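Heads up, the sequence shown is in the UniProt record's numbering, so the first residue is 1 and it goes up one at a time. Read through the structure below, which is laid out as structure tokens, and then see the notes.
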Amino acid sequence: MKTWLKDLFHVEKPIIALLHIREIPGDFNYDDSTMSMEKVIEIARQELHALQDGGVDGILFSNEYSFPYQGHTDYVTSQCMARLIGELMSEIKIPYGVNVISDNRAVIDLAKATDASFVRGTFTGAFVGEGGFSDHDVAATYRRKKELGIKNLPIMMNCNPESAVWLNDRDIYDVVKSMIFNCDPEGLCVSGQHAGFAANNDLLKAVKSVAGEVPVFANTGCNKDNIVEKMQIADAACVGTAFKKDGKFYNTVDGKRVKEFMDTLKEYRKTL
């Protein structure tokens, strides 16, 4: 197993909590009459502390509410994210990463600007969904990383699409083996249909069976009731919706739910 997970998080089966940034300037649903960057940052601050106090192992800052997602984000998106992370940086006590949906150049730039420890996104493949056709130039991502002099930035790659379909007829085994050979991912993320929907266990097992030394993440839909089951297959998890009040995507983080989830996971870790 590649060691970056243990080196960075210092635990087995780390949980990376999604900090879903509220709508920001430029987003379709951002409303200047009721919101401001100051309010967005304050909500993020409260959620950051709830997640950290609840015992999560890492944080992933993501523009999750920037619906509908752009293939190439407006400059203001990553600029707002950089401001938010910069203002919170002195309060971040655990490793953190960034995800700019769905702009792979922007996420590398943002990682450099904010000293992020890892990134997540869809870096490979071609898909069709509600946003139309999307394809991903993984070569450009790696060249941008090189251009900025970034030497240690694990890239967690989605290996199956959310809310879209592949434009290929290869099975998941061939896709993952090809990704590993051609793209050298440091993490493979297995998702359900979209945020809050659990990844299929058979799909997780299939990816894990050919992942070799590359860590496999249960990328969506983990909750207190299924986290042990998922961690019996995967190496780590990204968790967002389960930490929200009532487990609802648009709600804010509920510290009690975070602690209950992490208590369950920590009990499981004792058996490893």
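Quick reminder that beta carbons are idealized off the backbone N, C-alpha and C, glycines included. These numbers were taken from a predicted model, which means no experiment stands behind them.
For CYS238, the uninterrupted beta strand (DSSP E) run begins and ends at 236 to 239, by DSSP. Counting only unbroken stretches of 4 or more residues, the alpha helix (DSSP H) elements lying wholly within the segment 167 to 191 are 172 to 183, in sequence order. For VAL258, the enclosing alpha helix (DSSP H) begins and ends at 255 to 269.
Note on TYR96: 16 or more other CB atoms within 10 angstroms of its CB, so buried under the neighbour-count rule.
When C-alpha distances from ASP263 are compared across ARG45, GLY26, GLU23 and ASP53, the shortest belongs to ASP53. Fewer than three pairs of CB atoms, one per stretch, sit closer than 8 Å, so the segment 137 to 149 makes no contact with the segment 192 to 199. Minimum Cα-Cα distance from VAL11 among the listed residues VAL107, VAL56, PHE67 and ASP31 corresponds to VAL56. Proximity to THR73 across TYR65, ILE94, ASN99 and ASP103 peaks at ASP103, based on C-alpha coordinates. With contacts defined by Cβ atoms closer than 8 Å, SER163 and GLY187 do not form a contacting pair. Within the same chain, ASN104, ARG105, ILE108, PHE123 and ILE155 come within 8 Å of THR141 by CB-CB distance, once the 5 residues on both sides are set aside. CA-to-CA, the gap between VAL253 and LYS39 works out to about 15 Å.
Within the segment 82 to 127, the complete beta strand (DSSP E) runs of at least 3 residues fall at 96 to 99 and 118 to 121.
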